[in-house]
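For the record, the sequence lines run as chains Z and V.
Residue numbers for the first sequence, in my numbering: -7 to 105.
Residue numbers for the second sequence, in my numbering: 113 to 225.
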Amino acid sequence: EPEVTQTPSHQVTQMGQEVILRCVPISNHLYFYWYRQILGQKVEFLVSFYNNEISEKSEIFDDQFSVERPDGSNFTLKIRSTKLEDSAMYFCASSELRRGGYTFGSGTRLTVV
Amino acid sequence: AQSVTQLGSHVSVSEGALVLLRCNYSSSVPPYLFWYVQYPNQGLQLLLKYTTGATLVKGINGFEAEFKKSETSFHLTKPSAHMSDAAEYFCAVSDVDGNKLVFGAGTILRVKS
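Here you go:
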């Protein structure tokens, strides 16, 4: 069964450093998403991406965050200057259809120290 | 705006007993509804989804859910719990534009032997 692949599975970074989280969505999917889950809390929407532009972003997705689909297969989330409160599990998801069933990756656990 | 309420942050059942996880939603438009399961240290796996049509939806691992518009509910059930069902379960609703999923807070299911 097709999968959404995320790398790395774990990342530890120092506060203030830039991190890039990588995702390879399912090849025929057109809609891409990033969500995060702070330990013990809800899964929260960050951003949706379609046709090479952001469709919607949450209030969490401030100027420190950016997304890119650099080569037609990868989908990346960049955090420019990480803060302690950015520590979370970050999930990438993709969907073939709008409002369809999303397929999630297994996540990247980001720890900011 | 869409929202999801999951009643019971923790549910404990005996092996072989009925599993019932409750989900109520709020949506100004016909909802698309989803149940995801998250095993420890893993990603989100789609259990089942309701979009249109038959209101009783069958998913993987013997789970099913019934969409009840009059009750704004989408409860998840399984006739007989298995130890391997122990996980966290998330109900989610797709927003109007399909740009994101709105998740409930999750219910941790414990299965006792």
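Don't be surprised by glycine CBs; every beta carbon is placed ideally from N, CA and C.
Report the rounded CA-to-CA distance for residue i versus residue j, giving the unit in angstroms.
i                 : j                : result
Val35 (chain Z)   : Thr219 (chain V) : 12 Å
Asn173 (chain V)  : Leu130 (chain V) : 14 Å
Glu(-5) (chain Z) : Cys15 (chain Z)  : 10 Å
Ser227 (chain V)  : Glu127 (chain V) : Since the first residue shown for chain V is 113 and the last is 225, residue 227 (chain V) is missing from the structure and cannot be characterised.
His21 (chain Z)   : Asn44 (chain Z)  : 13 Å
Glu183 (chain V)  : Leu133 (chain V) : 15 Å
Tyr162 (chain V)  : Val149 (chain V) : 16 Å
Asp55 (chain Z)   : Ser139 (chain V) : 30 Å
Glu200 (chain V)  : Tyr151 (chain V) : 6 Å
Leu119 (chain V)  : Cys203 (chain V) : 11 Å
Asp63 (chain Z)   : Ser124 (chain V) : 46 Å
Leu89 (chain Z)   : Met7 (chain Z)   : 37 Å
Arg222 (chain V)  : Asp78 (chain Z)  : 29 Å
Thr68 (chain Z)   : Ser225 (chain V) : 43 Å
Val205 (chain V)  : Ala193 (chain V) : 25 Å
Gln9 (chain Z)    : Thr74 (chain Z)  : 6 Å
Tyr144 (chain V)  : Phe179 (chain V) : 10 Å
Asp197 (chain V)  : Thr117 (chain V) : 21 Å
Mind listing the chain Z neighbours of residue i? Cutoff is C-beta to C-beta under 8 Å, in chain order.
i                : result
Asn136 (chain V) : Within 8 Å Cβ-Cβ: nothing; Asn136 (chain V) doesn't reach chain Z, min ~15 Å.
Ser206 (chain V) : Arg91
Lys224 (chain V) : Within chain Z, no residue comes near Lys224 (chain V); the closest Cβ sits about 23 Å away, beyond 8 Å.
Could you list which residues in chain Z have their beta carbon closer than 9 Å to that of residue i, in chain order?
i                : result
Phe249 (chain V) : Outside the displayed range of chain V (113 to 225) lies residue 249 (chain V), so it cannot be described from this structure.
Leu158 (chain V) : Gly93, Tyr94, Thr95, Phe96
Would you mind sorting residue i into buried or exposed? The rule is 16 or more other CB atoms within 10 Å of its CB.
i                : result
Asn211 (chain V) : buried
Ile46 (chain Z)  : exposed
His2 (chain Z)   : exposed
Gly216 (chain V) : buried
Ile30 (chain Z)  : exposed
Ile71 (chain Z)  : buried
Pro0 (chain Z)   : exposed
Thr167 (chain V) : exposed
Met81 (chain Z)  : buried
Thr164 (chain V) : exposed
Gln33 (chain Z)  : exposed
Show which residues of chain V have a CB atom less than 8 Å away from the CB atom of residue i.
i               : result
Gly97 (chain Z) : Gly155
Listing by chain order, which chain Z residues have their CB less than 7 Å from the CB of residue i?
i                : result
Ala217 (chain V) : Lys34
Asn211 (chain V) : Ser40, Ser47, Glu48
Any C-beta of chain Z within less than 9 Å: which residues of the stretch 136 to 155 of chain V qualify? Residues passing the 9 Å Cβ filter: Tyr144, Phe146, Tyr148, Gln150, Asn153, Gln154, Gly155.
Within 9 Å of chain Z by C-beta, residues of the stretch 166 to 193 of chain V in sequence order: none
Between the stretch 76 to 94 of chain Z and the stretch 15 to 30 of chain Z, do three or more beta carbon pairs fall short of 8 Å? Between the stretch 76 to 94 of chain Z and the stretch 15 to 30 of chain Z, the count of Cβ pairs shorter than 8 Å is three or higher; the stretches touch.
Does the stretch 88 to 95 of chain Z come close enough to the stretch 142 to 158 of chain V to have 3 or more Cβ pairs within less than 8 Å? yes
Chain V contacts made by the stretch 73 to 89 of chain Z, where a contact means CB separation under 7 Å: Phe83
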